[in-house]
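Residue numbers (this note's numbering), protein chains in the order written: chain V, 91 to 456; chain Z, 10 to 555; chain X, 2 to 335. The beta carbon of each residue, even a glycine, is placed where N, CA and C say it ideally should be. Working notes, beginning with the structure itself.
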Amino acid sequence: MRAGQPTSTEAVPALRCRGVSADYDERRVLDGLDLDVGHDEVVAVLGPSGAGKTTLLYAIAGFLALSAGEIRIAGRVVATKDDATPPERRSVGMVFQHYALWPHMTALEIVAYPARRTGASRAEARASAMTLLERLGIAGLAGRRPAELSGGEQQRVGLARALNGDPKLHLFDEPTAHLDSALRGVFREEMASRRRETGVASLVATHDAAEALAVSTRVALLRDGAVAQLGSPRDVYERPVDLWAALLTGSASTITAHSEVVGDTLALTIAGAHVVAAGGAVRSARAGSLDSSAVLIRPDWATLEGPLGGIVRVVRYEGPHTDYTLETAAGSVIVRELRAPRFEPGARVGWSVQRAWVLAEPTPRP
Amino acid sequence: MTDALDRARHLPLAVSLVILTGVVLIPLGRLGAEVVGGGWASIDRALFDRDAGRAVLHTVLVAAGTTALALPLGTALALLTERSAVPARSMLRFGILLPLLVPAFVLGFSWGQAYGPSGLTDDLASLAVPGLFGPIGIVLVQTVDTAPLAYLIIAAGLATRSEPDLERAARASGASRLDVLRSITLPLLRGPLVAAGAVLFAASMEAFAVPVVLGVPAGFGTMTTRMYQALQRSAEPAAFGEAIVLALTLVVLAAIVLAPVERSLRHPGSATRTGGPEGSSVGPPRRSGTVLLAGAATVYLLLGVGVPLMAMVLTALTKAAGLAPIPANWALTHFADALRGSAIGALGRSAALAVAAGFALLALGGLVSWVERRPMGRSLGSLVSLTFMLPGSAVAIALIVAYGRWLGDTIAIIFIAYLAKFWTLAHRPLSGALDRLPPDLERASRASGAGRLTALRTITMPVLAPAIIGAFALVFLFSLHELTMSSLLAAPDTQTLAVVTLNLQQLGDRGATAALALLVTVATVGATAPLLVVRHVMQRRMGQGA
Amino acid sequence: MRDGPHVLGRRAIAVVVLVVAVACGDDGGAAGAPETGSVRLYTSVSEETVDAVVSAFESNNPGVQVEVFRAATGDLNARIASEERSGGIEADVIWASDPLSMQAWDEQGLLSHGWTPDGASEVADPFKSEAFWGTRLLYMVIVHRKGVEPVPSSWRDLAALEYRGLVEIPDPGFAGSALAMLGYLADEPSYGIDFYRDLKANGARQVASPDDIVTDVAEGRADAGITLEFSGRTAAEAGSPVEVVWPEPGAVSIYSPIGITASPSDEEAARSFVESVLSVEGQETIAATGWAPILPSVEGPPVPPDATIVNPDWAGLFSRQSDLLEEYRSIFEG
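Listed below in structure tokens is the structure:
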């Protein structure tokens, strides 16, 4: 995880939030939030429902006033406590959670709308809209109204519209919340392929960990209106800052064990048995050896067969893999195997860990 | 700079308050003051005098009777179209709402022609409705007239309070159709049922057209007909005093009946959301049963509206009373008589009033909808809802008391009466539509580069267009129909078409009355139906509920 | 001519004086035809007749506009009373359907005096007063459905057992003709107001207007009733199965008076209108719409030769009308 330092004017961050606080319905939703999105980055904002993801996007887009802090888009201040640029002049492209397609317009008219607002003639706007629709593979839908489009088609029209203003920053609000799994996959592929293009600075708000990890270059975990952890997808998955972050970013089991950090490895003593795994500990827990701390084990970090003992309680076959919930002396562990089930519930098995991460209790906020 | 902006922000609220005060609060206040000023003696004389007291009793009895009939009827019809797999559902819905397009006067008058002594059915099959001219007839016709109101409220309740899933859950738990109705649907519908009952009762209390056509000839008067006769027939000043006491009494009665349910009626919601391909059916269709019920509903519509209109057409065409209504006896003389003299002028006047009221109330309704969403304006919404409860006769008399000296006998006072009475007709649909408008639509347009006004013009207004057209059509329609207030406020040269028709009826020229009533109905439907069709098409294209 | 400019000059002056003299018109007993003006007419006369008379007047006097307010007598009464209460009557000319109502308005001071229209001299004395003049004659008769047996031949027959519950009479509070009828019968020796008690005891129904009675009789809701001869005759001519009987001791004749209000907005136009109604042309228009004209020189609808017609004692009735109405109300509206 490297903090990108802008070295030239082209590398001005697309978004810079400093100390952003915002209220909604008399509740403080954002509280002193700091966040940057580089000009070629996709940052996922991951958090549970109600954490403030949509509020953050609305504040950036200009639909909400700030109660403190500053927001800059492409270097320009667009919002402070006392002053705010109106939304239409902030140069963001937003894809809304429920798509917000205007029911009285055709797809083509919807996508052409932003171009019309910059003064393009109807013909020009429609031509550029058509190009975008073609790029997204939905040219055939040009004459249809939203009521005649499926969820995935609506999402693409919303995306095309967001692209058509040539915005400096893209905002996605729960983009796949209402799509089925096949379409979700399509969206992630699209985002991944777009990452290779320029001018794609994006902020994606989602409550789906897998999606956040799949589409972004960095993930920000949002808790209580501020960023609790910011890092690459691997960072937040392998080295979550606390238990809450661990649960947010993927399937997580915690066991009690005695652990000792040795360089890049952990020496673990689990119910008397010794295992050495790759990994480390959160900073506050790093000093030397720790007794009975909570140790994070992801399903793909544990294997069946090994010196540790456990009893199979639940077997979950999910297609590409089987997850076994083991009951062990150290706690409940989920172990994943990339194959069809080979144990029944009740079987005694051995297991081991290849990687682990020692968590500490989350420190209370000052 | 900020001062001027602040003041501008309060301007809509101020304007709304001023208009509301002028149109509603001052007249009501003056009415109250007059009654209180007249002292207990005038109230005593007005209410407890034998004739007047009887009128009050008649009003309440007829209202109770109408509610007792129309509420089950409206509920049954709503259950039929919203909960069973009935064939030709949209046609049935349209038919059920059809009586709303027919003026109440026409309904009452045509029933007289169809089912009265020596009416159509009497001539054809020696069948007449006993007591048609009298309370029984009034109750029957008002039932047909107001059942659509109950239908709308209950149907909306079925979609929002007693959702199909709740009923499906009961069926899956072992309840039969009847069990579900008794233990789930009706209890959940309690709110809408009470609200519908209150609306029916209040509507019947303030009804004028049907009692004047079916009640007065038999000597059966209600509060509204008594007020009319006090103003139109009587040369004595005391009669006017009685009229204002009756007016205030009507207001008080209406408030008592409607105040408890006013809140629940504020945003009735869309009545006919089908929600998914499974629709709203809750169980497997019982073919024979539903077809039978649909047939019964159709028969009700035919008997309630179809046959009477036909009888009225025959009366209009048959050239003299007592002749058989066969083509050999048809002529257009009644139409010529009807269109003589004041009718044409009245038509122009009515049309102008209806259009002006439509636009004015769109502006007022929109203004209030906008203001009541701001923190300072919330109480305005409750004040405006007062107008929902105003009985027409009371509004007219209050306006005479308040502004008679300056505006009496002008068309302006009739216009103000329409503003007061129909305000909610425009306000509620607009308010409801604004509620249902997804806020993201405007945000998306702002994010796409549109300023406040551009977003309003290109996004908000077009999406609200069906609601706007619907509100306009409602005000337009009701203005054209309106008889209660117009008959009390009209001067010789400000008579509306409805008043001219009433006068013809009072003078006993049945043929001409039928002819003019027919023309009025056709013109009203002809003018309003296209608006509703356009609205329907717009809604279809935008995927909004019917 | 040989005299040149000055003769021309004198001639010109003469022409100008002549033109001015003509333009000023003269102010004799006859009102000159006004160039422009307006007349506000309140009337209970039937629409067809009023329209015909008004349009004839307007075409003879282009530039004069006539505004018509038409309502039944009872409504007219209320209208005038309410206007009186709130600042003065707005009508210029009142054309009523019975003399009792007109007299009542005269006694309230609503009509103007001191002028007599041209043609008034031809109106018979019983049919006019100082402030109003009859314009046509209406007859109250019995109407019955064809085939009804026995055929009623006198007013008394209407209270007979054979017509129990099958007779309708008009409301004197609504229609002026009914009020006149009440007045006549109240005075007639063998009838009196008790006749109405007999009618009521025999199940007679009160209906608002005479036209309603003809319709009800035609359609079978009643067998017979008291109504205007005009209504019965026109219905029969249109094909309704009804017949008119001129009953004994006489069909009651009523005259329909016209008068000018005390302060009309345009006196000249109002006078001109009244005179046009009483002119031969006006009377012929009235006769053409089916009513009996007041001028004996103009021919009206035929009256059966053996019919007896009676004129009530209007002068005597004038003072008793409100008492009569109250007594009637107590009988018929209980």
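Taking the beta strand (DSSP E) that residue i belongs to, which residues open and close that run?
i         : result
V/Ala-310 : 308-313
V/Ala-318 : 316-321
X/Gln-66  : 65-71
X/Leu-229 : 225-229
X/Met-141 : 133-146
X/Trp-96  : 94-96
V/Ile-163 : 158-163
Can you check which of these residues, the options, is closest to residue i by C-alpha distance?
i         : options                                    : result
Z/Met-470 : Z/Leu-240, Z/Met-385, Z/Ser-457, Z/Leu-446 : Z/Leu-446
V/Arg-445 : V/Val-168, V/Tyr-327, V/Val-290            : V/Tyr-327
V/Ala-237 : V/Trp-447, V/Val-309, V/Ala-149, V/Ala-197 : V/Ala-197
Z/Leu-198 : Z/Ala-227, Z/Ala-123, Z/Ala-168            : Z/Ala-168
X/Ile-310 : X/Ala-289, X/Leu-326, X/Ser-254, X/Leu-279 : X/Ser-254
V/Gly-102 : V/Arg-162, V/Tyr-189, V/Leu-312            : Checking the sequence, you will find Val at residue 102 of chain V rather than Gly. Closest by alpha carbon: V/Arg-162.
Z/Leu-465 : Z/Ala-476, Z/Arg-452, Z/Pro-475            : Z/Arg-452
Z/Phe-249 : Z/Leu-318, Z/Tyr-237, Z/Thr-396            : Z/Tyr-237
Z/Leu-141 : Z/Leu-348, Z/Val-222, Z/Thr-194            : Z/Val-222
Would you verify that the beta carbon of residue i is, or is not, closer than 8 Å to some beta carbon of chain X?
i         : result
Z/Gly-350 : yes
Z/Gly-517 : yes
Z/Leu-332 : yes
Z/Ser-279 : With a pLDDT of only 47 at Z/Ser-279, under 50, the local geometry of the prediction cannot be trusted, and the value read off the model is given with reservation. Judged by the 8 Å Cβ criterion, Z/Ser-279 is not in contact with chain X.
Any Cβ of chain V within less than 8 Å of the Cβ of residue i?
i         : result
Z/Ile-468 : yes
Z/Asp-449 : yes
Z/Arg-452 : yes
Z/Met-551 : yes
Z/Gly-285 : Residue confidence for Z/Gly-285 is low, a pLDDT of 43 falling below 50, so the modelled location carries little weight and cannot support an answer.
Z/Val-543 : no
Spell out whether any CB of chain Z is found under 8 Å from the CB atom of residue i.
i         : result
X/Glu-49  : yes
X/Asp-213 : yes
V/Arg-235 : yes
V/Ala-190 : yes
V/Cys-107 : no
X/Val-243 : yes
V/Met-184 : yes
V/Thr-208 : yes
May I ask which residues mark the beginning and end of the alpha helix (DSSP H) holding residue i?
i         : result
Z/Thr-130 : 129-134
Z/Pro-173 : 173-181
X/Leu-186 : 177-188
Z/Thr-533 : 519-551
Z/Ile-409 : 401-416
| Touch check for the region 262-280 of chain X and the region 84-98 of chain X: three-plus C-beta pairs under 8 Å? | yes
| field | alpha helix (DSSP H) segments (min. 4 residues) lying fully within the region 227-269 of chain V | value | 241-253
| Which runs of the beta strand (DSSP E) spanning at least 3 residues fall entirely within the region 443-482 of chain Z, listed in chain order? | none
| Taking one C-beta from the region 164-178 of chain X and one from the region 199-218 of chain X each time, how about it: are there three or more such pairs within less than 8 Å? | yes
| Contact the region 167-183 of chain Z vs the region 100-110 of chain Z: 3+ CB pairs below 8 Å | no
| message | Against chain A, which members of the region 218-229 of chain X pass a CB distance test of less than 9 Å? | response | No chain A appears in the structure shown, which is made up of the protein chains V, Z and X.
| query | So, do the region 399-413 of chain V and the region 318-335 of chain V have three or more beta carbon pairs nearer to each other than 8 Å? | reply | no
| request: Pair every Cβ in the region 71-79 of chain Z with every Cβ in the region 144-155 of chain Z, then say whether three or more of these pairs are closer than 8 Å. | output: yes
| said: With three or more C-beta pairs closer than 8 Å as the rule, is the region 388-400 of chain Z touching the region 408-421 of chain Z? | reply: no
| query | Just checking, does the region 123-137 of chain Z make contact with the region 38-46 of chain Z on the three C-beta pairs under 8 Å criterion? | reply | no
| query | When the Cβ atoms of the region 288-300 of chain V are set against those of the region 112-129 of chain V, are three or more pairs found closer than 8 Å? | reply | yes
| request: Please determine if the region 216-226 of chain Z and the region 158-165 of chain Z are in contact, where contact requires at least 3 C-beta pairs separated by less than 8 Å. | output: no
| field | the region 51-63 of chain X / the region 74-82 of chain X touching (three or more Cβ pairs under 8 Å) | value | no
| request: Output the residue ranges of the beta strand (DSSP E) runs that lie fully inside the region 302-370 of chain Z and measure 3 residues or longer, sorted by chain position. | output: none
| Secondary structure, alpha helix (DSSP H): runs of 4+ residues fully inside the region 269-306 of chain X | 281-289
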